[in-house]
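Remarks on the structure that follows.
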Amino acid sequence: MEALEVFFEIHSGLDREAPGGDRYTRQAFEMLPEMDRPRILDIGCGPGASTMELARLSNGHVTGLDLHQPFLDQLSKRIDEAGLSDRVEAVNGSMFDLDFPAESLDVLWAEGSIYIIGFEKGLREWRSLLRPGGCLVASEATWFRPEPPKEIRDFWKAGYPGIGTIPENLERAAACGYRQIGLFTLPEDAWWVGYYNHVEKRVQALRKKYADEPEALAVLDEEIMEIELYRKYSQWYGYVFFVLQKT
Ligand SMILES: C[S@@+](CC[C@H](N)C(=O)[O-])C[C@H]1O[C@@H](n2cnc3c(N)ncnc32)[C@H](O)[C@@H]1O
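Under my numbering, think of the first position of the sequence shown as 97, with each following residue one higher.
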């Protein structure tokens, strides 16, 4: 079994693919200026939990965009079940090459996904898609304090060296042409209830299935290592919602 297949076996059919929850999507949305029928793009939407919540919160048109078709299929099913296909769509595309006209969007949304392109690069490259005064909301892994212990610093250095502190990310946002209109930290509960508890359960089940396959077990171990590091160092980092407006 290929490592990537095992990875997607762990991650298929989950409600969401990053820490979060509908109430936090709502909390961030309520920080935005009022908008009538906004055009919203949910970038790296995964199975589309936030896409669906944004559709319920707004009366606008919401596009969920991702590269992984099985996640988009999951979102399409949710859209059909909710009877929202007239104003919500699932689109296969890359955040590195967003094919939308300049200034055509009111809101760009990215929960746990902007790190893929990098916080600063995403802010800079996506900005032209926003109409003047449009908003960008991103939840981003962020240090809560400087000088983290070596073990967790090394983990992030290998996985996402661009991780910054809140002041650093706000400075980056200002330099890229955004002002802060809101900010909050996801509570630890949102990591466990929203995401890690489900991943842990999956991993436990798959350990039996792959008991004799060391390569597959290594993928499972890696997932558990990430979770254990969060358990140990959750005082040092977490997800911060940055609610920004184009200046
Ligand atoms: C950590 S998950 C977060 C998913 C979702 N926002 C959520 O909170 O459930 C990151 C997502 O980004 C997607 N992704 C990875 N590379 C991408 C790219 N180049 N363009 C668009 N999406 C991408 C992955 O398929 C995955 O669904």
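Every residue, glycine too, gets a C-beta built ideally from N, C-alpha and C.
- When C-alpha distances from G273 are compared across G142, G179 and C231, the shortest belongs to C231.
- The residue from I139, M321 and G278 with its alpha-carbon nearest to that of F337 is G278.
- DSSP places I212 outside any alpha helix (DSSP H), giving it a letter other than H or E.
- Take the alpha-carbon of E284 and the one of T121: they are about 15 Å apart.
- Shown here, D138 sits in a strand according to DSSP, grouped into three states.
- Under the rule that a run must span 3 or more residues, the beta strand (DSSP E) segments found entirely inside the stretch 132-212 read 135-139, 157-162, 184-188 and 201-207.
- Beta-bridge partners assigned by DSSP to W239: T261 and Y333.
- Cβ-Cβ distances below 6 Å link Q341 to C231, R275 and I277 in the same chain, with the five nearest sequence neighbours on each side left out; the list follows chain order.
- Remark: the shortest separation between the CB of M191 and any heavy atom of ligand 1 falls under 6 Å.
- Not one heavy atom of ligand 1 falls within 6 Å of the beta-carbon of G160.
- The alpha-carbon separation between E311 and A99 amounts to approximately 7 Å.
- Under DSSP, G278 shares a beta bridge with V339.
- P197 and L137 have their C-alpha atoms roughly 12 Å apart.
- Look at the beta carbons and you see the stretch 260-270 touching the stretch 212-231: at least three pairs across the two are nearer than 8 Å.
- DSSP places P310 in the helix class (H, G or I) of the three-state scheme.
- Here V289 is exposed, its C-beta having fewer than 16 other C-beta atoms within 10 Å.
- Here L232 is bridged, per DSSP, to L204 and L340.
- For the pair of segments examined, the stretch 200-208 was found not to touch the stretch 178-189: the number of CB pairs separated by less than 8 Å stays below three.
- In the structure shown, R112 falls within a coil segment according to DSSP collapsed to helix, strand and coil.
- Taken from the Cβ of R223, every heavy atom of ligand 1 lies 6 Å or farther away.
- Residue environment analysis places T147 among the buried positions, since at least 16 neighbouring C-beta atoms fall within 10 angstroms of its C-beta.
- Counting C-beta atoms within 10 angstroms of its own C-beta, F167 has 16 or more neighbours from the protein chains shown and is therefore classed as buried.
- It is roughly 23 Å from the alpha-carbon of I210 to the alpha-carbon of V315.
- For the pair A237 and P263, the Cα-to-Cα distance works out to about 13 Å.
- Residue side-chain check: I212 places its Cβ nearer than 6 Å to a non-hydrogen atom of ligand 1.
- Of all alpha-carbon atoms in K305, I320, D308 and F280, the one lying nearest the alpha-carbon of M127 is that of F280.
- If you ignore the 5 residues before and after V158, its C-beta comes within less than 6 Å of the C-beta of I136, T147, L150, A151 and V184, all in its own chain and listed in chain order.
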